[in-house]
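Under numbering that gives the first Met the number 0, the letters of the sequence shown match residues 0 to 282, in that order.
Let me begin by presenting the structure, written as structure tokens, before commenting on it.
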Amino acid sequence: MEKYTLNDYKSNKPTWCPGCGNFAVLTALTSVFAEFQLDPDETTIVSGIGCSSRFPFFSKTYGFHSIHGRALPTAMGLKVANPETEVVVVGGDGDGFSIGGNHFIHASRKNPNITYIVMDNEIYALTKGQNSPTSHSITTKVNPYEAIEDRINPVLMALSFDTSFIARGYSGNLPQLKDLIYKGMQHEGFSFIHVLSPCVQYNEKFTYDLLQERIRPLPENHDTKNRLAGMELAFDNKYLYTGLFYDVNKPTFDEKLASVRKGAKEKMDNKELSYKEIMEQFA
Ligand SMILES: Cc1ncc(C[n+]2csc(CCOP(=O)(O)OP(=O)(O)O)c2C)c(N)n1
Ligand code: SF4
Ligand SMILES: [Mg+2]
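Here it is, written out as structure tokens:
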């Protein structure tokens, strides 16, 4: 008999607007937690700031609602301090690719064993609708004429950083989303799941109807070890491909850190130094 059910992971009634794409992500993630039978006391959801980053309030696991753009370094610190904890990071396109964009590069280089889910609605929603780095040409209060900046392509960006697991899901396709999150959490290393997750309040150019026309599953014969093939598909202007783009095994940050720790201890003949003795070395 299973010990944990969905209700052991779901908490307060989400305060997102009815129809918000983030509901699907909450359902998918908590279902995957139940499939893995994760102990809620050994699981932490870390977020930044945004509508999507309200996520930890709606879950019964540990949660860390950190600061805008700083969810990834917070999560990495948590994982280093307690490698046994399951860590999932959630946030928005503004949080992850604008103010926090730099951390995405370095998390990819470090390859910590954490899962990162970005709910991309192509807008800053919590602050009532400003252009984000993924916005198409939309006019908003801060851009009353037209967007004058180019947009970024998160999957292409991740492929160029050699992030070890890269997938794209859609809030309108729950079974696929669950599967991608399941695989991302199984992956040893940094897994990035880009979720197309419409905001029904502030972005008329990124709706379920418009997405439905452009979304296609990745070709069945796509080789998930072939980074260049993934890039070509991520570049496609006509279709927005969903599925698993890239999945490779690389040593994780946790493993590399453990090996550095072991080497350092051996160098000291396995002698345990007190905090005072360590500090005295720098006096
Ligand atoms: C340091 C800092 N700068 C700016 C803000 C204001 N702010 C809060 S949320 C947000 C953008 C949220 O957009 P996104 O990450 O896409 O999340 P969404 O609300 O769309 O889910 C901004 C700019 C802040 N809270 N902290
Ligand atoms: S404003 Fe948009 S992103 Fe925020 S809860 Fe409402 S629909 Fe969701
Ligand atoms: Mg957003």
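Ideal Cβ positions, reconstructed from N, Cα and C, are used throughout, including at glycine.
Could you round the C-beta distance between residue i and residue j to whole angstroms and report it? I think they count as a contact, below 8 Å.
i: Leu173; j: Val194; result: With 8 Å as the limit, Leu173 and Val194 do not qualify as a contact, their Cβ atoms being about 11 Å apart.
i: Ala146; j: Ser134; result: 6 Å
i: Leu256; j: Val45; result: With 8 Å as the limit, Leu256 and Val45 do not qualify as a contact, their Cβ atoms being about 19 Å apart.
i: Pro197; j: Asn120; result: 6 Å
i: Val87; j: Ile116; result: 7 Å
i: Thr42; j: Glu85; result: 5 Å
i: Ile98; j: Gly68; result: 3 Å
i: Thr251; j: Asn112; result: 5 Å
i: Ile137; j: Asn202; result: 7 Å
i: Tyr207; j: Gly262; result: Contact doesn't hold; Cβ gap of about 52 Å is too wide.
i: Lys59; j: Pro39; result: 5 Å
What are the partner residues of residue i, as DSSP defines its beta bridges?
i: Gln280; result: In the DSSP output, where bridge partners are listed per residue, Gln280 has none listed.
i: Ile116; result: Val89, Ile192
i: Asp246; result: Phe164
i: Pro216; result: Thr241
i: Gln129; result: Tyr123
i: His64; result: Ser46
i: Tyr169; result: Leu195
Ligand 2 and residue i: does any heavy atom of the ligand fall closer than 7 Å to the residue's C-beta?
i: Leu125; result: yes
i: Gln129; result: no
i: Tyr207; result: no
i: Val199; result: yes
i: Asn21; result: yes
Beta-carbon separation of residue i and residue j under 8 Å?
i: Val31; j: Tyr181; result: yes
i: Ala74; j: Gly90; result: no
i: Leu210; j: Tyr240; result: no
i: Pro216; j: Gly183; result: no
i: Thr162; j: Phe205; result: no
i: Ala233; j: Asn152; result: yes
i: Ser10; j: Phe54; result: no
i: Asp94; j: Gly47; result: yes
i: Ala33; j: Tyr61; result: no
i: Asp246; j: His186; result: yes
i: Gly188; j: Phe164; result: yes
i: Ala124; j: Gln200; result: yes
i: Leu179; j: Phe244; result: no
i: Met118; j: Ser65; result: no
i: Phe22; j: Ser107; result: no
i: Asn110; j: Lys224; result: no
Can you determine whether any heavy atom of ligand 1 sits closer than 7 Å to the C-beta of residue i, and answer yes or no?
i: Met156; result: no
i: Ile98; result: yes
i: His102; result: no
i: His67; result: yes
i: Ser134; result: no
i: Gly229; result: no
i: Ser51; result: yes
i: Gly62; result: no
i: Gly91; result: yes
Is residue i near ligand 3 - that is, is its Cβ less than 7 Å away from at least one heavy atom of it?
i: Ser170; result: no
i: Asn120; result: yes
i: Gly47; result: no
i: Gly18; result: no
i: Phe222; result: It is worth fixing the name first, because residue 222 is Asp in this sequence and not Phe. Not so, every heavy atom of ligand 3 lies at least 7 Å from the Cβ.
i: Gly188; result: no
Cβ-heavy atom distance between residue i and ligand 5 below 7 Å?
i: Tyr240; result: Within the structure as shown, ligand 5 is missing, the only ligands being ligand 1, ligand 2 and ligand 3.
- Task: Decide yes or no for the touch test of the segment 213-227 against the segment 140-155: beta carbon pairs closer than 8 Å, at least 3 of them.
- Result: no
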